[in-house]
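Remarks on the structure that follows.
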Amino acid sequence: MNRNAYLEGGTAGLCGRSGGRKGFTLMEVMISAVLFAVIMLGAFGALKRGSDLVELSRDETRVTQILQSRLEDLRRENWAALIARPTTETFTPASKFVAALGNKYTCTQTISSRATDQKEVVLVVSWAKGGVTYSREYRTWITKGGLSDYYYRSS
105 MNRNAYLEGG
115 TAGLCGRSGG
125 RKGFTLMEVM
135 ISAVLFAVIM
145 LGAFGALKRG
155 SDLVELSRDE
165 TRVTQILQSR
175 LEDLRRENWA
185 ALIARPTTET
195 FTPASKFVAA
205 LGNKYTCTQT
215 ISSRATDQKE
225 VVLVVSWAKG
235 GVTYSREYRT
245 WITKGGLSDY
255 YYRSS
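Position 143 (the sequence shown) corresponds to 247 in my numbering; numbering is contiguous.
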């Protein structure tokens with residue numbers, strides 16, 4: 105092959121083109137379009153998955169705040185009020201940040217005796233998203249004469 109003829113585009117080059125034609129063949133365009141579509145589908149799939157994970161993280165943060173708030177409410181009660189509560193009950197999150205989303209979460213609390221002066225408190229919040237049910241649980245023990253009774257006696 106003559107080097108000058110190749111540079112001028114007069115003979116077949118490396119891609120099999122001849123006659124000085126410039127541009128891409130139909131096959132090259134089709135392959136690049138398919139490759140671009142596959143890359144874009146992967147990118148959009150990753151974006152969707154990332155968005156779903158951010159939403160799940162927001163839900164878990166809200167649920168943690170609901171559980172912590174309820175636990176603090178129970179710890180502030182005196183012993184007589186705590187033992188007067190039913191063994192199992194549902195509760196509604198009482199806060200501004202969940203006012204619009206309160207019906208999304210199912211909240212239950214179970215209080216059981218561990219000893220004569222000790223109660224085990226189990227708080228569970230469940231919610232569903234995309235056909236999957238999620239649940240988070242807090243478990244703690246509250247004792248008679250503990251922190252809450254100290255606050256009531258000192259005031």
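Note that CB positions come from ideal geometry on N, CA and C, so glycine has one too.
Secondary structure of R125 (DSSP, three-state): coil.
Counting only residues of its own chain and dropping the five nearest sequence neighbours on each side, T237 has a CB closer than 7 Å to the CB of S230.
L130 counts as exposed, since fewer than 16 other C-beta atoms from the protein chains shown sit within 10 angstroms of its C-beta.
A distance below 8 Å separates the beta carbons of R174 and L227. Between L160 and I246, the CB-CB gap reaches or exceeds 8 Å. The shortest CA-to-CA distance from S216 to any of A232, T210 and T191 is the one to T191. When beta bridges are read from the DSSP output, Q172 appears opposite no residue. Under the 10 Å beta carbon count, K223 is surrounded by 16 or more other beta carbons and is classified as buried. By the neighbour-count criterion, in which 16 or more other beta carbons inside 10 Å mark a residue as buried, V133 falls on the exposed side.
Secondary structure of E224 (DSSP, three-state): strand.
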